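Quick notes on the structure that follows.
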Amino acid sequence: MDLARQLEQTPSGAVIKCIDMHTTGEPTRIIYSGFPTLNGTLLEQRDQAKSQYDHIRKRIMLEPRGHYDMYGAIIIPETELVQSGEAHIGTLFTHNGGFSTMCGHATIALGRFLVDTHDLTAFPQRNELKPNLTALEVKVNIHAPCGLVRVVVPTSADGQKSDPSRPVRFLSTPAYCAAKDLEVSIPREIAWPELGDKTSLRLDVSYGGAFYALVDIRQLGFQTGLHNFSLEAVTFAVKRLKRHLVTLPHVIEALQHPEDQRLSFLYSVMVVDHEIGSKPDGVDGAETGLCFFAEDQIDRSPTGSCVAARMALAHAKGTRKQGQAWAYNSLVSNHFNTGAFVANIVDEDVKIEGPNTQTARSGVVVLVEGNAYYTGTMAFIVEQGDHPRVTPNAKIDVPVTVAQKVQRLSQTQYLRMVYTNILRGSGPLTRRLKW
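Residues 65 to 499 (the numbering used here) are what the sequence shown spells out, left to right.
What follows is the structure in structure tokens.
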């Protein structure tokens, strides 16, 4: 189309090109062209993106080009692991509040994208992928901020395209239980109504590329579980809990990653329900989770990196062993009875050590699988005279707090409507919930 070509012929560096995908309804916006070149190790590039180009992340992720629950993955062609030959490509994960260290649902989407693209500008190592024409799959090594993630992508007969009918698999970086059965006191001034007379609760902390606080929904006071609950009430409780957790010394101690201090932060609160979950064939059990991450963002998918963390936690508690397949669901996968992530432990004798701890951590490597699908392609521009105008050398002109309040309100209203209808299982909106 002539207008599309005309709009894309804006000054150099102003066009950002993306492919959109989803994994169990959770979006991944893959940014393959137009993001400024970054330098240094991957974690240094993450620091540079945060300090110098966060306005571009906001442009891509937030309204009007995105929304409050958008998720992204920036293609990073050069990293130290790409240079050493261990990785084919690097990536930086983005969300509504900044840059994360690992994302399973986006890794699943990236696997397909990296096999399907033959653009050597976006993916210089594309021709280094060696498809297995017997197994009809190809291995792709992705350097994420948390480390090397090994991905296996099913392919067509000639090995040149991904096969969407079969799941993508990835091996987690070493995952481990950081703290079991922590007692957390809840001061009355931050308590929520469903907590009743309780003054404390118990939760776990586990790492799967990022740190998660894992709490059973009944510990929060919601006795009917994730089958029938108020999303607004749970959101209110989790907001208060997360902000409280990061002030507690015994939680902060659990969040110290052995290898790098830049990994040592609480990324998410995962609300779990072990009593419900869509169970695919061939698995030993199933459960459900509702993941709140970043700036109160809600994951539609079962949260792949937290799947690794939950498997590590279950292994540490003695309830999961190597080779035992388990299905992890979100509200979306439960509603549609498809889209669960299936995981099993492939190595249960992993040691994680580094300068931040005196003793090595015992961990596991988890194989996680799921399906991702394409939803669109786009080229983002900033037209001259558009206000608020965001350019590569300027910060956003509107106070971020105001913009976030508007986005948070509209997105909360939307989520309440969607999830309420999912929980009810009826109504015209439910019938329209298709991707």
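From the three backbone atoms N, C-alpha and C, an ideal C-beta is built for every residue, glycine too.
Remember, predicted model here, so these are calculated numbers, not experimental data.
Three-state secondary structure (DSSP) of residue i
| i | result |
| --- | --- |
| F163 | strand |
| L267 | strand |
| I254 | helix |
| E359 | coil |
| T288 | coil |
| N205 | strand |
| A350 | strand |
| K81 | strand |
| F405 | strand |
| A372 | helix |
| K500 | The requested residue 500 does not occur in the structure, where the chain is confined to residues 65 to 499. |
| L67 | helix |
| T299 | helix |
| R307 | helix |
| I95 | strand |
| S30 | The question about residue 30 has no answer, for the chain in this structure spans 65 to 499. |
| N435 | coil |
| R384 | coil |
| D261 | coil |
| S229 | coil |
Supposed close pair residue i, residue j - CB separation, criterion 8 Å
| i | j | result |
| --- | --- | --- |
| Y267 | Q287 | Per the sequence presented here, residue 267 reads as Leu, with Tyr not at that position. Between Q287 and L267 the Cβ distance is about 17 Å, and since that is not below 8 Å, they are no contact. |
| K225 | D280 | In fact, because the Cβ distance is near 42 Å, the residues do not count as touching under 8 Å. |
| I340 | H291 | 5 Å |
| T171 | G368 | 6 Å |
| Y392 | A407 | 6 Å |
| T74 | I445 | 5 Å |
| L35 | D324 | Nothing can be reported for residue 35, as the shown portion of the chain is limited to 65 through 499. |
| A297 | E258 | 6 Å |
Pairwise C-alpha distance: residue j and residue i
| i | j | result |
| --- | --- | --- |
| S264 | E247 | 7 Å |
| A277 | T352 | 15 Å |
| E506 | L193 | Here the chain comprises residues numbered 65 to 499, so residue 506 is not present and cannot be evaluated. |
| T101 | L156 | 12 Å |
| R233 | C167 | 13 Å |
| D413 | K385 | 11 Å |
| T35 | T143 | The structure shown does not extend to residue 35, since the chain is modelled only from 65 to 499, so the question has no answer here. |
| G440 | P251 | 47 Å |
| T219 | A372 | 25 Å |
| V336 | H314 | 22 Å |
| H159 | G223 | 32 Å |
| M334 | Q147 | 36 Å |
| N457 | V269 | For N457, the predicted structure reports a pLDDT of 38, less than 50, and the residue's modelled location is therefore unreliable. The matter cannot be settled from this model. |
| G285 | A350 | 22 Å |
| M442 | V310 | 38 Å |
| I515 | F329 | A question about residue 515 goes unanswered here, because the residues of the chain that appear run from 65 up to 499. |
Beta-carbon spacing of residue i, residue j below 8 Å
| i | j | result |
| --- | --- | --- |
| S365 | T88 | yes |
| P141 | I153 | yes |
| I80 | A137 | no |
| P231 | N435 | yes |
| C355 | D363 | yes |
| R214 | L235 | yes |
| V242 | L319 | Note that residue 242 is Ala in the sequence shown here, rather than Val. A contact, by the Cβ cut-off of 8 Å. |
| T165 | A113 | no |
| D411 | V428 | yes |
| S332 | S397 | no |
| A239 | Y271 | yes |
| V430 | A376 | yes |
Bridge partners - residue i, DSSP secondary structure assignment
| i | result |
| --- | --- |
| L156 | I138 |
| A443 | K81 |
| Y392 | E351, F405 |
| L246 | L267 |
| A113 | Note: A113 sits in no beta bridge, so no partner. |
| Y276 | S270, S332 |
Residue i Cβ short of 7 Å to the ligand HEM heavy atom set
| i | result |
| --- | --- |
| H308 | Although the ligand HEM was asked about, the structure shown includes no ligands whatsoever. |
Neighbour flag for residue i against chain B, beta carbons, 8 Å
| i | result |
| --- | --- |
| R252 | The structure shown has no chain B; it contains just one protein chain. |
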